[in-house]
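Trainee: One structure, pasted below without further comment.
Protein chains: 2
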Amino acid sequence: MVRTSEEQKVRKANARGGAGEVEMRLLVNGAEELYGKGKLFNHMVMEPGVSVGLHAHDGDNEIYYILTGTGEYNDNGTIVTVKAGDVCICNDGEIHALINTGSEVMEFIALVVNS
Amino acid sequence: MVRTSEEQKVRKANARGGAGEVEMRLLVNGAEELYGKGKLFNHMVMEPGVSVGLHAHDGDNEIYYILTGTGEYNDNGTIVTVKAGDVCICNDGEIHALINTGSEVMEFIALVVNS
Numbered sequence: 000m001v002r003t004s005e006e007q008k009v010r011k012a013n014a015r016g017g018a019g020e021v022e023m024r025l026l027v028n029g030a031e032e033l034y035g036k037g038k039l040f041n042h043m044v045m046e047p048g049v050s051v052g053l054h055a056h057d058g059d060n061e062i063y064y065i066l067t068g069t070g071e072y073n074d075n076g077t078i079v080t081v082k083a084g085d086v087c088i089c090n091d092g093e094i095h096a097l098i099n100t101g102s103e104v105m106e107f108i109a110l111v112v113n114s
Numbered sequence: 000m001v002r003t004s005e006e007q008k009v010r011k012a013n014a015r016g017g018a019g020e021v022e023m024r025l026l027v028n029g030a031e032e033l034y035g036k037g038k039l040f041n042h043m044v045m046e047p048g049v050s051v052g053l054h055a056h057d058g059d060n061e062i063y064y065i066l067t068g069t070g071e072y073n074d075n076g077t078i079v080t081v082k083a084g085d086v087c088i089c090n091d092g093e094i095h096a097l098i099n100t101g102s103e104v105m106e107f108i109a110l111v112v113n114s
């Protein structure tokens, strides 16, 4: 089955208490396309200054894979500068956040897998 | 935890019997970082003419998310032209293949989830 991501764009203001509005391209139609093994698989787009706020994972992990841009990733309390090509894993029981601190659009893949 | 994908590049010739050599950037260190719920989460890079050969999924699905380029996707026997932004899902029990038929590099995310 093939479909275009154009069909599945949503915008979310203040994601997890973050700044601005994140564009989310939903790559799967909910958990059933992940056989109930995960919660989301999204292409995320953040303009400069936009962020996903600090939040905890309980019962799952979340993996961010940075496609474009630069930012600051809160890695369970430690701030790390991240760029395209970096993989950020928030394990079950940890906290994380991500802000686009650069001048370009930040794009990343987000995947949540149940623990 | 943050790491660069530079650490995890591998090249695979004739992937699934396909043509040429696919560059695979392994975004996770095996199934354990997917809590055993999936088998791989890769950033794939194929030069023009390179392909992943036709193969079946048995016990899992595979999702391709096209980041750049154009190609032909074999969707369980039907050939579909695909481009950046398209999502291709091969469900458990189905077959699929992907070839870069364009003049640019084709990049895509591949995710395998156990059924």
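Residue numbers (numbering that gives the first Met the number 0), protein chains in the order written: chain C, 0 to 114; chain E, 0 to 114. A virtual CB, placed ideally from N, CA and C, is assigned to each residue, including glycine.
When you compare each of E:Tyr64, E:Met0, E:Leu26 to Leu97 of chain E by their alpha carbons, which one comes out closest?
Mentor: With distances taken between Cα atoms, Leu97 of chain E lies closest to E:Tyr64.
Trainee: Check whether the Cβ of Asn60 of chain E lies closer than 8 Å to any Cβ atom in chain C.
Mentor: Yes, Asn60 of chain E counts as interfacial toward chain C.
Trainee: Can you tell me the Cα-Cα spacing of Glu31 of chain C and Met105 of chain C, whole angstroms?
Mentor: The alpha-carbon atoms of Glu31 of chain C and Met105 of chain C are separated by roughly 28 Å.
Trainee: Which residues, in order along the region 36-48 of chain E, keep a beta-carbon less than 9 Å from a beta-carbon of chain C?
Mentor: From the region 36-48 of chain E, only Lys36, Gly37, Phe40, His42 have a Cβ closer than 9 Å to chain C.
Trainee: Quick one: what's got a C-beta closer than 8 Å to Gly101 of chain E's C-beta in the same chain, skipping five residues either side?
Mentor: Once the five neighbours on either side are set aside, the close Cβ partners of Gly101 of chain E are Pro47, Gly68, Thr69, Gly70.
Trainee: Rounded to a whole number of angstroms, what is the C-alpha to C-alpha distance between Val21 of chain C and Lys8 of chain C?
Mentor: Approximately 10 Å between the Cα atoms of the pair.
Trainee: Evaluate Ile78 of chain C with the Cβ neighbour count: other Cβ atoms within 10 Å of its Cβ, from every protein chain shown; 16 or more gives buried, anything less gives exposed.
Mentor: With fewer than 16 other Cβ atoms within 10 Å, it is exposed.
Trainee: Helix, strand or coil for Leu66 of chain E per DSSP?
Mentor: Of the three classes helix, strand and coil, the one that applies to Leu66 of chain E here is strand, per DSSP.
Trainee: Can you tell me whether Leu33 of chain E is helix, strand or coil according to DSSP?
Mentor: Leu33 of chain E falls in the helix class under three-state DSSP.
Trainee: Contact between the region 11-18 of chain E and the region 52-59 of chain E: three or more CB pairs below 8 Å?
Mentor: The region 11-18 of chain E, when compared against the region 52-59 of chain E, does touch it at the 8 Å Cβ threshold.
Trainee: So which residues of chain E does Met0 of chain C contact, with C-beta pairs closer than 7 Å?
Mentor: Result: Asp74, Ile88.
Trainee: Have a look at Gly37 of chain E and Glu5 of chain E and give me their C-alpha separation to the nearest angstrom.
Mentor: Answer to the nearest angstrom: the Cα atoms are 22 Å apart.
Trainee: From which residue to which residue does the beta strand (DSSP E) around Asn13 of chain E run?
Mentor: Run containing Asn13 of chain E: none; DSSP gives neither H nor E here.
Trainee: My output table needs one value for Ser4 of chain E: the three-state DSSP class, helix, strand or coil.
Mentor: Ser4 of chain E falls in the helix class under three-state DSSP.
Trainee: Return the chain-ordered list of same chain residues with a C-beta closer than 7 Å to the C-beta of Arg24 of chain E, the five sequence neighbours on each side being excluded.
Mentor: So the list reads Ser4, Gln7, Lys8, Asn41, His42, once near-sequence residues are dropped.
Trainee: In terms of DSSP beta bridges, what is Val112 of chain C paired with?
Mentor: According to DSSP, Val112 of chain C bridges with C:Gly37, C:Asn60.
Trainee: Taking the straight line between their C-alpha atoms, what separation do you get for Ile88 of chain E and Asn60 of chain C?
Mentor: Distance between the alpha carbons of Ile88 of chain E and Asn60 of chain C is about 22 Å.
Trainee: How about Tyr34 of chain E and Asn113 of chain C: do their beta carbons lie closer than 8 Å?
Mentor: Yes, the pair counts as a contact, with Cβ atoms nearer than the cut-off.
Trainee: When the Cα atoms are used, what is the spatial distance from Arg10 of chain E to Gly58 of chain E?
Mentor: Each residue's Cα considered, the two are about 25 Å apart.
Trainee: With 16 other CB atoms within 10 Å as the buried threshold, where does Ile94 of chain E fall?
Mentor: So Ile94 of chain E counts as exposed.
Trainee: What would DSSP say about Glu106 of chain E, mapped onto helix, strand or coil?
Mentor: Note: Glu106 of chain E maps to strand in three-state DSSP.
Trainee: Sorted by chain position, which residues of the same chain lie with C-beta nearer than 6 Å to Leu39 of chain C's C-beta, five sequence neighbours on each side aside?
Mentor: Excluding sequence neighbours, Leu39 of chain C sits near Val111.
Trainee: Check this for me: beta carbons of Asp85 of chain C and Val1 of chain E, under 8 Å apart or not?
Mentor: Going by C-beta atoms, Asp85 of chain C is nearer than 8 Å to Val1 of chain E.
Trainee: Look at the alpha carbon of Asn99 of chain C and the alpha carbon of Ala83 of chain C, and state the distance between them as a whole number of angstroms.
Mentor: If you take the alpha carbons of Asn99 of chain C and Ala83 of chain C, they lie about 12 Å apart.
Trainee: I need the DSSP call for Glu22 of chain E, collapsed to helix, strand or coil.
Mentor: Strand at Glu22 of chain E.
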